[in-house]
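**Student:** Below is a structure I'd like to ask you about.
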Amino acid sequence: MMNETGSYPGQVWLWLYTFWYQSRSGAQYLAQRRAIVMAIMGLLSAAFILVPFLPGIRSIPRRIRL
47 MMNETGSYPG QVWLWLYTFW YQSRSGAQYL AQRRAIVMAI MGLLSAAFIL VPFLPGIRSI
107 PRRIRL
């Protein structure tokens, strides 16, 4: 991780990954929490990558004339 110049330190794209660590539930189970966070981020990443291949979602720009 590195600090960028400007008003916000750190990489901007890490906010979603660190967001899942902010809850207090299960703080004593750090190993399981890491696995859960990695699974959530894997699913979100896969969904983001697969957006162009989903028929209903990829036609939205044509429907709203972008």
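The sequence shown lines up with residues 47 to 112 when you count with my numbering.
Heads up, the beta-carbon is just placed ideally off N, CA and C, and yes, glycines get one too.
Small disclaimer: the values here were computed from a predicted structure and weren't measured.
1) Between M84 and the rest of its own chain, which residues show a CB-CB distance below 6 Å, the 5 nearest in sequence each way excluded?
2) Figure out for me which residue from W66, R111 and R109 has the closest Cα to the Cα of M87.
3) Could you compute how far the alpha carbon of Y63 sits from the alpha carbon of I82?
4) Please report the straight-line C-alpha distance between V97 and P107, rounded to a whole angstrom.
5) Rounded to the nearest angstrom, what separates S78 and I95 at their Cα positions?
**Tutor:** Straight from the coordinates:
1) If we look at M84 and ignore the five residues flanking it on each side, it has no Cβ neighbours.
2) Checking every option, the nearest Cα to that of M87 belongs to W66.
3) If you take the alpha carbons of Y63 and I82, they lie about 11 Å apart.
4) Near 12 Å, if we compare the C-alpha coordinates of P107 and V97.
5) According to the sequence displayed, residue 78 carries Gln and not Ser. Rounded to the nearest angstrom, the two C-alpha atoms are 26 Å apart.
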